[in-house]
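Right, one structure below, let's go through it.
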Amino acid sequence: MEIFTFGKNHYYISSDFYNKNSSLSYLEKHLETMVGLFTKRKSFLELLKIHSHNQGLEGYILFDAHASENCDSWMFIDNKQKFSIQDWIDEVDGIGRVILLFCCNTYNYDIHSKKSVVIHPKSDISIRDLKRRSRNLRIYFPNQGYLDYKYYTLRRLIKTIEEKSFEFF
1 MEIFTFGKNH YYISSDFYNK NSSLSYLEKH LETMVGLFTK RKSFLELLKI
51 HSHNQGLEGY ILFDAHASEN CDSWMFIDNK QKFSIQDWID EVDGIGRVIL
101 LFCCNTYNYD IHSKKSVVIH PKSDISIRDL KRRSRNLRIY FPNQGYLDYK
151 YYTLRRLIKT IEEKSFEFF
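Below you can see the structure in the form of structure tokens.
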């Protein structure tokens with residue numbers, strides 16, 4: 001696994017994907033593009049901002065790898081070995097406000113986190129899917145579980161979080 005840090009953002013890329021000829025500026029631009037594609041909904045960005053403020057978390061973590069399955073769990077491949085995606089999430093949870101998994105999820109496996117929001121596909125995924133505003137993504141929100149990606153669901157959660165935050169003042 002190769003790890004690159006650009007400001008508050010982190011890019012984890014499988015050694016099998018990483019091209020050693022890629023410049024750091026290319027990798028940083030790719031990270032920025034992917035963050036934009038995963039988080040382009042205005043209401044979702046508002047929700048992330050509130051969550052980030054309440055949790056004291058900043059930045060994004062992009063994970064880019066081939067997926068696999070093993071014993072009914074979602075796995076990724078690095079250096080031709082399989083590793084648990086949930087174990088990886090547990091390792092990086094709380095480092096950034098959002099974990100973005102750019103890794104196919106053929107069997108729509110569930111994950112969880114304690115601090116960071118996680119956005120992941122529910123089937124195979126490509127950049128083209130993200131550009132088309134595909135409904136192929138799932139959002140896991142700590143202490144809430146999976147969110148419906150619909151506007152009114154996100155607005156309701158934003159209102160609930162704002163009310164709880166207001167109670168402390």
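Numbering of the sequence shown is given in our numbering, commencing with residue 1 and proceeding in unit increments. In this text, a Cβ means the ideal position worked out from N, Cα and C, and glycines have one as well. Because the structure is a prediction, the values reported are computed rather than measured.
Asked, Found
"Distance between Ile-161 and His-10 (C-alpha atoms, nearest Å)", "27 Å"
"Any beta strand (DSSP E) of 3 or more consecutive residues that is wholly inside the segment 121-151", "137-141, 145-147"
"Whole-angstrom C-beta distance between Thr-39 and Leu-45, which should lie under 8 Å", "6 Å"
"Check whether Ile-85 and Cys-103 have beta carbons under 8 Å apart", "yes"
"Other residues of its chain near Asp-124: CB distance less than 7 Å, five sequence neighbours each side excluded", "Cys-104, Thr-106"
"Within 8 Å, strictly: CB atoms of Leu-208 and Val-98", "Residue 208 cannot be examined here, being either before or after the span of the chain that is shown, 1 to 169."
"Local Cβ density within 10 Å of Leu-157, reported as buried at 16 or more and exposed below that", "buried"
"Closest residue to Gly-118 among Asn-136, Tyr-140, Tyr-109 (Cα-Cα distance)", "Checking the displayed sequence, the identity of residue 118 turns out to be Val instead of Gly. Per the Cα distances, Tyr-140."
"Sheet register partners of Val-118 (DSSP bridge)", "Ile-99, Tyr-140"
"Rounded C-alpha distance that separates Lys-159 from Asp-16", "43 Å"
"Assigned exposure category for Ser-25 - 16 Cβ within 10 Å defines buried", "exposed"
"Glu-2, enclosing beta strand (DSSP E) - first and last residue", "2-6"
"Whole-number beta carbon distance between Arg-155 and Ser-43, since they are thought to touch under 8 Å", "6 Å"
"Beta-carbon spacing of Gly-96, Ser-113 below 8 Å", "no"
"Residue span of the alpha helix (DSSP H) that contains Ile-85, given as start and end", "85-92"
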